[in-house]
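Chemist: Mind looking over this structure? Questions follow.
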Amino acid sequence: MSRIPDAVYGGFDIFTVIVPGDHGGWSAIADVERAGADGVEVFQDFGGPCEGQTAEQAKAKVLDNTRRKIDDLKADPV
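Here it is as structure tokens:
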């Protein structure tokens, strides 16, 4: 089964998971994938958790958080 990424950034596919939070809000995390020489590299729980009053707010926050982490990773690869 293949998934469709919520965003693509810097060579990474970003997949979000959004769930209802405890006090009526929403929480989001992001997994990222990229094609590597040995196949697909998967980084689970790469972004977040990020909270929002709506699912859309939580998603926007985790996408922003994930993009910043991708920039950091590319600036200082392990």
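For the sequence shown, counting from 1, position 60 maps to 60 in the UniProt record's numbering; every step adds exactly one. Ideal Cβ positions, reconstructed from N, Cα and C, are used throughout, including at glycine. These numbers come from a predicted model, not from an experiment.
Check each candidate in Gly48, Phe15, Gly52, Gln57 and name the one with the smallest Cα separation from Asp31.
Modeler: What you label residue 31 is simply residue 31 of the sequence shown in a count that begins at 1. Nearest of Gly48, Phe15, Gly52, Gln57 to Asp31, Cα basis: Phe15.
Chemist: Just to confirm, are Ile29 and Gly48 a CB contact at a threshold of 8 angstroms?
Modeler: One-based indexing of the sequence shown puts residue 29 at position 29. One-based indexing of the sequence shown puts residue 48 at position 48. Against a cut-off of 8 angstroms, the Cβ pair of Gly48 and Ile29 comes out as a contact.
Chemist: Relative to the C-alpha of Val8, which candidate in Glu33, His23, Ile18 has its C-alpha closest?
Modeler: Taking the first residue of the sequence shown as 1, we reach residue 8 at position 8. Ranking the options by Cα distance to Val8, first place goes to Glu33.
Chemist: For Asp76 and Asn65, I'd like the C-alpha separation in whole angstroms.
Modeler: The residue labelled residue 76 in the question sits at position 76 within the sequence shown. The residue labelled residue 65 in the question sits at position 65 within the sequence shown. C-alpha separation (whole angstroms): 17 angstroms.
Chemist: Helix, strand or coil: how does DSSP classify Asp71 here?
Modeler: Working through the sequence shown from its first residue, we reach residue 71 at position 71. Helix, per DSSP.
Chemist: Between which two residues does the beta strand (DSSP E) carrying Val19 extend?
Modeler: Indexing the sequence shown from 1 puts residue 19 at position 19. Taken as a continuous stretch (DSSP letters only), the beta strand (DSSP E) holding Val19 covers 12–20.
Chemist: Nearest CA to the CA of Gly24: which residue from Arg68, Gly52, Val62?
Modeler: Counting from one through the sequence shown, the residue named residue 24 turns up at place 24. That would be Gly52, whose Cα lies nearest to the Cα of Gly24.
Chemist: Could you give the first and the last residue of the continuous beta strand (DSSP E) run that contains Arg34?
Modeler: In the sequence shown, the residue the question calls residue 34 occupies position 34. Where Arg34 is concerned, the enclosing beta strand (DSSP E) stretches over 26–36.
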